[in-house]
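Enquirer: Residues 10 to 244 (our numbering) make up the sequence shown, in order.
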Amino acid sequence: MIGEWNGLLVGIIEERCRDRKIRIGFQLPTSRGCRSSPISDSFFFKLTRGILPNTSQEQVKVLPKSNKLPKMSTEKISILFVCLGNICRSTMAEGIFSSMTSKGPYASLISTVDSCGTAAYHTGSSPDSRTMATLRENGIGDYKHKARKVSLNDFKNFDYIFAMDSDNLEDLLSLGRRTEGKAKVMLFGEYAGGSEPEEVDDPYYGGNDGFKAAYEQCTRFSKNFLKATFPDVEK
10 MIGEWNGLLV GIIEERCRDR KIRIGFQLPT SRGCRSSPIS DSFFFKLTRG ILPNTSQEQV
70 KVLPKSNKLP KMSTEKISIL FVCLGNICRS TMAEGIFSSM TSKGPYASLI STVDSCGTAA
130 YHTGSSPDSR TMATLRENGI GDYKHKARKV SLNDFKNFDY IFAMDSDNLE DLLSLGRRTE
190 GKAKVMLFGE YAGGSEPEEV DDPYYGGNDG FKAAYEQCTR FSKNFLKATF PDVEK
């Protein structure tokens, strides 16, 4: 069960004792910046899916409030999507997410949507023609972007930075250690909606099917993120 304690999302653990009394304990989230274990082992991954660890109350520690903890919000938030070169996957995600939130109830809740790459291979270039074609086929015809590389300021300017795959995530976490910022850095596929997070494979060297797959994933992830972040919003 998930609850709130001192401004933090926590797991609430009930323990039935021999005297039939119920003790209530709290399991607080820990940092997700550690890469020593699989993403599926992260507390955030388990917490959002109702899989709580078996932790005794004696191990619970009071943690300071952190603006990096995932939270449900009615305040405006900013989103940055990141892949390798910023012409295929991250631009696909940006185009889809911008289309979903530019009008309707989410328009007043999203302040900025952008994308970039962990490398500078395509700086200044427009998105891959196959990305643009896939977006147009799905009714998104007004998207424009020029590729850029991620910067340290991005960690200060954005609330969420979503990586397309684990390599992107590792690069972002490494770069993020060099600065203090508010951004929650995570795999976009944490919002896949299944039992395991998903990666968005790079379709650059493949055919159109890879771009169609990326479109489906980014659409699904975007919808799930919006529902999780703004649960009271009805389309």
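Glycine residues also receive a C-beta, built at the ideal position from the N, C-alpha and C atoms.
If you compare alpha carbons, which of F197, L161 and M195 is closest to R187?
Expert: L161
Enquirer: Would I88 pass as a contact of V122 if the rule is Cβ separation under 8 Å?
Expert: yes
Enquirer: Would you identify the three-state DSSP class for F90, choosing helix, strand or coil?
Expert: strand
Enquirer: Measure the beta-carbon distance from R139 to V209 and round it to whole angstroms, keeping in mind my assumption that it falls under 8 Å.
Expert: With 8 Å as the limit, R139 and V209 do not qualify as a contact, their Cβ atoms being about 14 Å apart.
Enquirer: Do you know whose CA, among D211, K155 and K236, lies nearest Y224's CA?
Expert: D211
Enquirer: For V194, list the residues DSSP reports as bridge partners.
Expert: I170
Enquirer: Have a look at I119, N95, N177 and D241 and flag the residue whose alpha-carbon is nearest the alpha-carbon of M195.
Expert: N177
Enquirer: Reducing DSSP to helix, strand and coil, say where C125 ends up.
Expert: strand
Enquirer: Which residue from A172, D241 and S134 puts its Cα closest to that of Q226?
Expert: A172
Enquirer: Which class does S120 belong to by DSSP, given the choice of helix, strand or coil?
Expert: strand
Enquirer: Considering only DSSP beta bridges, list what K221 is partnered with.
Expert: According to DSSP, K221 bridges with nothing at all.
Enquirer: Closest to A116 by C-alpha separation, out of G185, K85, T228 and S175, would be which residue?
Expert: The residue with the shortest Cα to Cα distance from A116 is K85.
Enquirer: What does DSSP give as the partner residue(s) for K245 in the beta ladder?
Expert: Outside the shown range of the chain (10 to 244) lies residue 245, about which nothing can therefore be said.
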